[in-house]
Amino acid sequence: MCRSFGRRLEDLAGVRCPQTFIDCFNLTLTPPSDPVACRLHSGGKRHCGVMMRQIASSKLGALSLSGFVAVGLGGCSSGSYTWGWHVVSPFDARGRKNLSFLVDGFWATLSIAGTSIAISVVAGAVLAFMAISKAKALRWINRIYVEVFRAIPLLVLLLWVYYGLPVVFGIKLGIFAAGVIALSLSDAAFQ
């Protein structure tokens, strides 16, 4: 199968393949004891580089590249769609409003991240001391905490803290506090 793939590539691209196309990726498809095995021979990397350059410069390479560009970027110029760069333009009133919103979100993200990192480093240090403790109960608490909070995806934890705590315990948290608590709980398990 490996050799026939190389022959098909030669027929399509119009170039001579010193080895098969598979060799360029260092894949062994058959056991090494097989004399017709698809494995990289000495100097194969040089041949594969030459082969790849030949394919790229061939008609097939040009055709496939232009096809990729046409399919990939075809939606950009189709029909009535126009790019709305005014949305983030500092020269337009709507753009200034949106940029202001993005900058406020950036600062909120940094403050939540900084606060949760500081709390999680302290909590992680406490957990680390519990892990090296001689008391078996403290080591078990550490192990359970780490295994549980490493297994919970962060988005799920954020949703549990923000929406679940008010339902279960009657605790109403703001967005900032919920973000800091969820990130701190999660990151402490990874410290």
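Heads up, the sequence shown is in my numbering, so the first residue is 768 and it goes up one at a time. Think of the CB as a built atom: it goes at the ideal place given N, C-alpha and C, for glycine as much as any other residue.
- Looking from the CA of A898, the closest CA among I886, W927, V913, V889 belongs to V913.
- R863 and A904 have their C-alpha atoms some 56 angstroms from each other.
- The residues I879, in chain order, have a CB closer than 6 angstroms to that of G946 in the same chain once the five nearest residues on each side in sequence are set aside.
- The beta carbons of S953 and L924 sit about 6 angstroms from each other, so the pair counts as a contact at 8 angstroms.
- The beta carbon of I886 is closer than 6 angstroms to those of S951 in its chain, skipping five residues each way along the sequence.
- Taking C-beta atoms as the reference points, A890 and A955 count as a pair closer than 8 angstroms.
- Boundaries of the alpha helix (DSSP H) harbouring L866: 860 to 898, taken from the DSSP string.
- Under the three-state reduction of DSSP output, F936 falls in the coil class, being neither helix nor strand.
- Taking the CA atoms as reference points, F873 sits about 24 angstroms from K939.
- The beta carbons of L894 and N909 sit about 5 angstroms from each other, so the pair counts as a contact at 8 angstroms.
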